[in-house]
Structures are given as C-alpha cells and as structure tokens.
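Engineer: With positions in the sequence shown counted from 1, the corresponding number in my numbering is that position plus 283.
So that we are looking at the same thing, I have put the structure below in structure tokens.
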Amino acid sequence: MPYNFKAASILLEEEDTMTLIKKQSLGEEIANAVSHGIGALAGIAGLVLLLVKSDSFAEVASSIIFGFGMILLYTMSTLYHSFRNGSTVKNVFQRFDHISIYALIGGTFAPIFILVIDKPLGWILLGIQWALIILGMVFKAVMIHKFAWIHLVLFLVIGWSGLTLVGPLYDVSINAFYCILFGGIAYTIGVLFYAFHWFKYSHFVWHIFVFLGTLFHFIAVYFYLF
C-alpha cells in the first residue's frame, strides 16, 4: 500500500495537466460533469432546506457555511469537467476544483463546531480550522501539481480530525454520529479511486462516493443537529 500510494503521488506530481486530462475520455468527462452537476443542484436545494429550517443565528451561519462548501465544490467540479481538454479555462477551473475540496471539508465541520461544541470554543475551533484550510487553498492554487500526495493526506487528516469531536457529537445525537462516520468512510473509499485510477470511469466512481459522503453529512445536519 505505501509503495502504490507513493507511485500515485509521483504520477500526480510529474505529469502535466494535459497528460492528466487526456486520461479522461469524452464519455468519462460527460459522466463526471453530469454527476457533479446534479450535486450542485442538490447543494442549492440543500442550502434552501437548511435555511428554511434554521431558527437561530447559529443555525443560519451553519447553513450558509455548509451550503457554500457544497455548492462551490460541485459547481467548480462540474465546470472543470465541462470544458475542452487542454483549454486554458479548463486548467483554471481545475485549480478551483481542487481548492474547493478544502471548502467542502470546512463547510461540513461548521455545523458541528457551531452547534455541538460549547460557545465560544466552537467558534474558536472553527476559526482555527478555516485558517488551516485557507493556507491549504493557497498552497494548492500556487502549486497545483506539486506535492499532490501532501494534499491527499491533508484532506484525509483534516476530515478525520472530526474524531476529536466524537464525544460531544455522540452525546448530542447517536444518529448524527453514525451519519458523519459513514460520510467520512464514503469520502475515504472515494479517495482510493481518485488516487489510483484502477479502471476506466474511476474518477466518476470517486464523484459518486463524494456525493454519498455529502449526502450522509447533510442528513446528519438537517435531521439530527437542527
């Protein structure tokens, strides 16, 4: 496993954008764009549902941050996969696509920090995490094809840092805890398809797992934390 992960990271670091894009056929790119286009629409609907259900400033803030993360990720991903291979605009949206992963992670944690952790500690932890996320975004924007393995590890580390919230989350809602857990597992499985490109349409499978992860987390927030 360590050897394969290193090989995958070297591939991501050394191959240029054109080479990576050519690995995706037209059919794959259509599937990629459609899958996350649906995700973008679902994100908009999810934000509306959360705002309608919100009855406090904390819930409104949680809705906006979580909704922003969902909509940004799925919209940038859809645009990235919608443009012609090798085009400048596609390369630009590739950067936004990768950067928005951090936004979704931060958006997902926002309701937990704000609604589950006692104030003001929750807001402080949220601020610290978003400071790290912004640093990751800048690093990714500047060096999108360098140290790619670091970002894969960072995505997982930031995501699974939620284990530190197990106690408070479990006390608030066992169902929310399991939904967050299943969402994290879905994202983690998806990362394997993204990193190793085991077969054609592996990236599409990654998209499906990302959507499932977001769905589990939305269920946790909407039904059990609000």
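Even for Gly, the Cβ is constructed at its ideal location relative to N, Cα and C.
Given the structure is predicted, the values throughout are model-derived calculations rather than measurements.
GLY466 to THR497, Cα distance in whole Å?
Structural biologist: In the sequence shown, the residue the question calls residue 466 occupies position 183. In the sequence shown, the residue the question calls residue 497 occupies position 214. C-alpha separation (whole angstroms): 7 Å.
Engineer: From TRP443 to VAL449, what distance separates their C-alpha atoms?
Structural biologist: Sequence index remark: in the sequence shown, residue 443 carries index 160 (1-based). Sequence index remark: in the sequence shown, residue 449 carries index 166 (1-based). Distance between the alpha carbons of TRP443 and VAL449 is about 11 Å.
Engineer: Run through DSSP, which three-state label would PHE487 get?
Structural biologist: By 1-based counting over the sequence shown, the position of residue 487 is 204. DSSP places PHE487 in helix when its eight states are reduced to three.
Engineer: Determine, using beta carbons only, whether LEU333 and TYR461 come nearer to each other than 8 Å.
Structural biologist: Position 50 of the sequence shown, counted from the first residue, corresponds to residue 333. Position 178 of the sequence shown, counted from the first residue, corresponds to residue 461. No, the Cβ-Cβ distance between LEU333 and TYR461 is not below 8 Å.
Engineer: Can you name, in chain order, every residue of its own chain whose Cβ lies under 6 Å from the Cβ of LEU508, other than the five neighbours on each side?
Structural biologist: Stepping through the sequence shown from its first residue, residue 508 is reached at position 225. Cβ neighbours of LEU508 beyond the five flanking positions: PRO394, LEU398, ALA459.
Engineer: As a quick exercise: from THR358, ILE327, PHE366, SER365, pick the residue whose alpha carbon is nearest that of ILE347.
Structural biologist: Along the sequence shown, one-based indexing puts residue 347 at 64. Of the candidates THR358, ILE327, PHE366, SER365, the one whose C-alpha sits nearest the C-alpha of ILE347 is ILE327.
Engineer: Hey, HIS490 and ASN315: beta-carbon distance below 8 Å or not?
Structural biologist: Mapped onto the sequence shown, residue 490 falls at position 207. Mapped onto the sequence shown, residue 315 falls at position 32. Yes; because the gap between Cβ atoms is below 8 Å, this pair is in contact.
Engineer: For HIS364, which option in PHE349, GLU311, LEU495, GLY352 has the closest C-alpha, if you only look at C-alpha atoms?
Structural biologist: The residue you call residue 364 lines up with position 81 of the sequence shown. Nearest option by C-alpha distance: GLU311.
Engineer: Taking the C-alpha atoms as reference points, what is the distance between MET420 and SER383?
Structural biologist: Here residue 420 refers to the residue found at position 137 when the sequence shown is read from its first residue. Here residue 383 refers to the residue found at position 100 when the sequence shown is read from its first residue. The straight-line gap from Cα to Cα measures roughly 8 Å.
Engineer: What is the DSSP secondary structure of GLY352, counted as helix, strand or coil?
Structural biologist: For the purposes of this step, residue 352 is taken as the residue at position 69 of the sequence shown. Helix at GLY352.
Engineer: Could you give the DSSP three-state label for ARG378: helix, strand or coil?
Structural biologist: Along the sequence shown, read from residue 1 onward, the residue named residue 378 stands at position 95. In the structure shown, ARG378 sits in a helix (DSSP, three-state: H, G or I).
Engineer: For THR391, count the other beta carbons within 10 Å of its own beta carbon; 16 or more makes it buried, fewer makes it exposed. Which is it?
Structural biologist: To locate residue 391, count along the sequence shown from 1; it is residue 108. Buried, because 16 or more other Cβ atoms sit within 10 Å of the Cβ of THR391.
Engineer: What does a CB cutoff of less than 8 Å around PHE499 pick up in its chain, not counting 5 residues either side in sequence?
Structural biologist: Numbered from 1 along the sequence shown, position 216 holds the residue referred to as residue 499. CYS462, ILE463, PHE465, GLY466, ALA469, listed in sequence order.
Engineer: Thinking PHE479 and PHE492 are a contact (beta carbons under 8 Å), I'd like their distance in whole angstroms, please.
Structural biologist: In the sequence shown, counting from the first residue as 1, residue 479 sits at position 196. In the sequence shown, counting from the first residue as 1, residue 492 sits at position 209. That belief does not hold up - the Cβ atoms of PHE479 and PHE492 are roughly 13 Å apart, past 8 Å.
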